[in-house]
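Colleague: In my numbering, the protein residues as written are 893 to 946. To start, I am sharing the structure in question, which I have written as structure tokens.
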Amino acid sequence: MQFSEAAGGQEVFHLHMHVIPRVAGVPLKPAASIKEDMAVLAEHAERLSAALSA
893 MQFSEAAGGQ EVFHLHMHVI PRVAGVPLKP AASIKEDMAV LAEHAERLSA ALSA
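What follows is the structure, given as structure tokens:
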């Protein structure tokens, strides 16, 4: 997903992306339809941070 420029509500244009983890067999649902467990989110954040630091 990308929300950039005026259409994305930005006043100062810059690249804005969302990284959405996917798991095989789990359908993609609208973001507001479920809330992920905070421990799962923390684990994803740790893995993403490690990958970006590599």
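Ideal placement from N, C-alpha and C gives every residue a C-beta, glycine not left out.
What are the start and end residues of the alpha helix (DSSP H) that includes Pro-934?
Modeller: Checking the sequence, you will find Ala at residue 934 rather than Pro. Element bounds for Ala-934: 930-945.
Colleague: Less than 9 Å between the C-beta atoms of Pro-922 and His-936, yes or no?
Modeller: No; because the gap between Cβ atoms is not below 9 Å, this pair is not in contact.
Colleague: Suppose you measure from the CA of Leu-940 to the CA of Asp-929; what does that come to, to the nearest Å?
Modeller: Cα to Cα, Leu-940 sits roughly 17 Å from Asp-929.
Colleague: Between Leu-907 and Gly-900, what straight-line distance do the alpha-carbon atoms span, to the nearest angstrom?
Modeller: So the alpha carbons of these two residues sit roughly 10 Å apart.
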